[in-house]
Amino acid sequence: MKKTAIVGVMLALGTAAVVPALHGQAGNGSSGGNGVVSLRGNVAIDETSRPPDLKRWQRDRRPLPRQHVGQPPLIPHSIKGYKINLKFNKCLTCHSWANADEAGAPKVSVTHFKDREGNVLANIAPRRYFCTQCHVPQVDAPPLVENTFEPLRTIHPGR
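In the working numbering, each residue's number is its place in the sequence shown (first place is 1) plus 22.
Shown next as structure tokens:
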């Protein structure tokens, strides 16, 4: 009985310390007391924050380097007006294996032709069909967080 009472008191004290932090009542406002400030700024979750400034879309240019391993390549051109739905995907006009050479565009990666179980498909896997779920256009904007990633150097045979 004594152990149960001690556990009950400890739970009550722990709850009293945690609940205010979960509701943003501890520390410095919306950061929950841990010093982290969201991209929304110091605005309560139930208040409307100021929308971010629109970034300038860049004209067609060389792709920017990737910022981390596994990052999908950025889109180095405007996609304004591109249509991607269940019946049509504008991206495949240039990036499909059938059209890429003539368009001078990179081909869709072979990884996009595998389903969740790793089976190779004749067409792009449904989970990879909507390109803009992963690939986004490049913009002239500073990084949101500092990044020190450096890609591996490519090994060139014969050098």
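Backbone N, C-alpha and C fix where the C-beta goes; we use that ideal spot for every residue, glycine too.
Exercise for the section: Please confirm whether Q155 and I97 have their CB atoms less than 8 Å apart. Expected result: Translated into the one-based positions of the sequence shown, residue 155 becomes position 133. Translated into the one-based positions of the sequence shown, residue 97 becomes position 75. Against a cut-off of 8 Å, the Cβ pair of I97 and Q155 comes out as no contact.
Handout entry: Any non-hydrogen atom of the ligand NAD within 7 Å of K129 CB
Key = With respect to the ligand NAD, the structure offers nothing, as it holds no ligand at all.
Exercise for the section: Output the distance between the C-alpha atoms of V167 and C153, rounded to the nearest integer angstrom. Expected result: Taking the first residue of the sequence shown as position 1, residue 167 is located at position 145. Taking the first residue of the sequence shown as position 1, residue 153 is located at position 131. Across the structure, V167 and C153 are spaced so that their CA atoms are roughly 25 Å apart.
Practice task
Measure the C-alpha to C-alpha separation of V91 and R150 and round it to an integer number of angstroms.
Solution key: Along the sequence shown, one-based indexing puts residue 91 at 69. Along the sequence shown, one-based indexing puts residue 150 at 128. Distance between V91 and R150, taken at the CA atoms: about 18 Å.
Exercise for the section: Tell whether a beta-carbon distance below 8 Å holds between A125 and F135. Expected result: The sequence position of residue 125 within the sequence shown is 103, counting from 1. The sequence position of residue 135 within the sequence shown is 113, counting from 1. 8 Å or more divides the Cβ of A125 from the Cβ of F135.
Handout entry: Limits of the unbroken alpha helix (DSSP H) element including H117
Key = Counted from its first residue, the sequence shown places residue 117 at position 95. For H117, the enclosing alpha helix (DSSP H) has its first and last residue at 114-117.
Problem - Pairwise C-alpha distance: Q89 and E172 - result: Here residue 172 corresponds to residue number 150 of the sequence shown, with the count starting at 1. Here residue 89 corresponds to residue number 67 of the sequence shown, with the count starting at 1. If I take the Cα positions, the gap works out to 8 Å.
Handout entry: C-beta atoms of P85 and P95 nearer than 8 Å
Key = The residue given as residue 85 occupies position 63 in the sequence shown. The residue given as residue 95 occupies position 73 in the sequence shown. The answer is yes: Cβ separation under 8 Å.
Problem - Counterpart residues of I97 in DSSP-defined beta bridges - result: The residue given as residue 97 occupies position 75 in the sequence shown. As computed with DSSP, I97 is found in a beta bridge with P159.
Practice task
Would you mind reading off the limits of the alpha helix (DSSP H) that contains A66?
Solution key: Position 44 of the sequence shown holds residue 66. It is not in any alpha helix (DSSP H) - A66 carries neither H nor E in the DSSP assignment.
Practice task
Can you give me the start and stop residues for the alpha helix (DSSP H) that E172 sits inside?
Solution key: Position 150 of the sequence shown holds residue 172. No alpha helix (DSSP H) holds E172; DSSP gives it neither H nor E.
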